[in-house]
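Chemist:
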Amino acid sequence: MALKREGILFLLGTAALTVIITLLFLLTGGEELENLAVRLFGLYGFLFLSVATLTAPFLKEITQAFGKPFLKVHHSFSIIGIIFVTLHPIFNAIQRLSLSVFVPRFDSWNLFWLLAGRPAFIILYVAVLAALLRAKAPKYWRAFHALMYVVLLFGIVHANLIGNDFQNLGIMLIFNALFIASLAGFAFKRYRSYQLKRKISG
Numbered sequence: 079m080a081l082k083r084e085g086i087l088f089l090l091g092t093a094a095l096t097v098i099i100t101l102l103f104l105l106t107g108g109e110e111l112e113n114l115a116v117r118l119f120g121l122y123g124f125l126f127l128s129v130a131t132l133t134a135p136f137l138k139e140i141t142q143a144f145g146k147p148f149l150k151v152h153h154s155f156s157i158i159g160i161i162f163v164t165l166h167p168i169f170n171a172i173q174r175l176s177l178s179v180f181v182p183r184f185d186s187w188n189l190f191w192l193l194a195g196r197p198a199f200i201i202l203y204v205a206v207l208a209a210l211l212r213a214k215a216p217k218y219w220r221a222f223h224a225l226m227y228v229v230l231l232f233g234i235v236h237a238n239l240i241g242n243d244f245q246n247l248g249i250m251l252i253f254n255a256l257f258i259a260s261l262a263g264f265a266f267k268r269y270r271s272y273q274l275k276r277k278i279s280g
């Protein structure tokens with residue numbers, strides 16, 4: 079199957095959003111190259127993970143639009159997001175010359191949420207592992223893979239609290255909208271599953 083108009087528009091929309099975010103990021107700018115990389119990787123990581131989660135409720139539509147199996151499309155966005163999210167703390171650790179950036183902090187409620195990206199990184203790989211083991215644990219992998227929404231929650235709170243780029247109104251609005259859209263997508267996915275179960279049982 080060939081890539082259809084809807085698939086092209088989806089890709090163009092994602093590319094346009096990436097360009098807009100990059101331009102807004104450059105307008106914020108003004109720091110050392112290493113820190114700029116840390117910030118940009120974080121933004122791109124959240125963007126592509128959000129796009130991946132947004133495809134989840136639309137298995138049939140994505141398959142038809144892209145002319146490829148849903149998982150191939152979904153995993154393509156996921157892998158890009160995972161790479162950027164992984165580079166975000168790695169470059170932060172290099173910049174600080176410390177591995178402490180990977181260790182969650184439980185000293186206080188406020189500090190936990192300020193540094194919520196740390197537990198989010200760990201939870202991300204739990205969700206990834208669940209996806210890799212889906213064939214061996216068909217009954218349980220979905221629950222663990224759904225932790226991706228927790229990752230997005232922790233990530234958006236972390237970014238809103240200490241993200242330099244979220245001082246830019248455009249970036250703040252875009253990323254909070256992406257998070258809200260991801261939650262709406264999750265609710266829609268659950269609704270579709272509920273409707274399907276009712277149809278089967280009825």
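Take the sequence shown: its position 44, counted from the start at 1, is 122 in my numbering, and no numbers get skipped.
The beta-carbon is built from N, C-alpha and C at its ideal position, and this holds for glycine as well.
(1) Going by C-alpha distance, which of T96, L89, R83, Y218 is nearest G248?
(2) Are the stretch 185-193 and the stretch 158-177 touching, with three or more C-beta to C-beta distances below 8 Å?
(3) Report the three-state DSSP secondary structure of V235 (helix, strand or coil).
(4) Checking 8 Å against the spacing of the C-beta atoms, do L137 and G263 come in under that value?
(5) Entirely within the stretch 179-251 and at least 4 residues each: give me those alpha helix (DSSP H) ranges in chain order.
(6) Are L239 and L192 touching if we call contact CB-CB under 8 Å?
(7) Once you ignore the five residues that flank R212 on each side, which residues in its own chain have a CB closer than 7 Å to its CB?
(8) In whole angstroms, what is the alpha-carbon distance linking S154 and F126?
Modeler: So, to answer that:
(1) T96
(2) no
(3) helix
(4) no
(5) 187-192, 195-210, 219-223, 226-240
(6) yes
(7) W219
(8) 9 Å
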